[in-house]
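Just so we're aligned, residue 1309 is where the sequence shown starts under this note's numbering, counting upward by one.
So the structure is just underneath, and the comments pick up after that.
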Amino acid sequence: MAEPQPSSQISTPDIWRSILIGGSKKSWVLFEHGTCVILMNPTSDDLATQATDILKEWGPVRAGSSAGDFNVIELEGNPGGYVVEGHHDDVLNYVPAEAVEEGASDMVAGLIGRGNRDVDASELKVVHIEDNLG
C-alpha cells in the first residue's frame, strides 16, 4: 500500500473550500491526513463527533471488500491534485499533485488517498470544522 503523506503536505480548509462546490451550504470536518467528511444532514451541533463516528465506520481499509475500493478525480487548475472517493459518498481524501510522481497513473493517487483515509480513521484527529448550520 502507498505510504500516507506527512500531514504538513496534505490539505487545508482553504483547499477543501475551493474543492467543494456549494461548500458554503455544507458543513464538513477535516482530519489530519486530508480526509474530509461532509455532513449532508447534520443530526446535532456536535459536528466533530458526528464526522468521527462516520469515519470510524466508513474510513478503515479492508482489502477484498468495498472498503478497499476507490475512485480518483483529477482536479484541474488551482489547487490541482486529486480527490479520492471511497465506499461512502461523503468521505473524501485530498492528495496534492506533488505527492504523486509526474506521469504516474491515477491509481497511485488513489492508493495514497486510501492510505491517508485509513490513517485518519485510526487516529481520528480533527483539524478543522466548517460549521454552516446557520
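Glycine is no exception: its CB is placed at the ideal position from the N, C-alpha and C atoms.
- Mark Ser-1335 as exposed unless 16 or more other C-beta atoms lie within 10 angstroms of its C-beta, in which case mark it buried. Sixteen is the threshold: when 16 or more other Cβ atoms of the shown chains lie within 10 Å of the Cβ of Ser-1335, as they do, the residue is buried.
- Query: On the three-state DSSP scale, how would you describe Asn-1379?
  - Reply: strand
- Query: Taking Cβ to Cβ, would you say His-1436 is nearer than 8 Å to Pro-1350?
  - Reply: no
- Task: Classify Ala-1371 as buried or exposed, calling it buried when 16 or more other Cβ atoms lie within 10 Å of its own Cβ.
- Result: exposed
- Message: If contacts are defined as beta-carbon pairs under 8 Å, then Ala-1417 and Leu-1363 qualify, I think. What distance do you get, rounded to the angstrom?
- Response: In fact, because the Cβ distance is near 20 Å, the residues do not count as touching under 8 Å.
- Is Gly-1388 buried or exposed, if buried means 16 or more other CB atoms sit within 10 Å of its CB? exposed
- Message: Going by beta-carbon coordinates alone, are Leu-1347 and Ala-1356 separated by less than 8 Å?
- Response: no
- Task: Could you name the residues that DSSP lists as bridge partners for Thr-1343?
- Result: According to DSSP, which records beta bridges pairwise, Thr-1343 is partnered with Asn-1401.
- Where Glu-1438 sits in the DSSP three-state scheme: strand
- Message: Buried or exposed for Asp-1447, going by 16 or more other Cβ atoms inside 10 Å?
- Response: The shown model of the chain, from 1309 to 1442, leaves out residue 1447, and the question about it has no answer.
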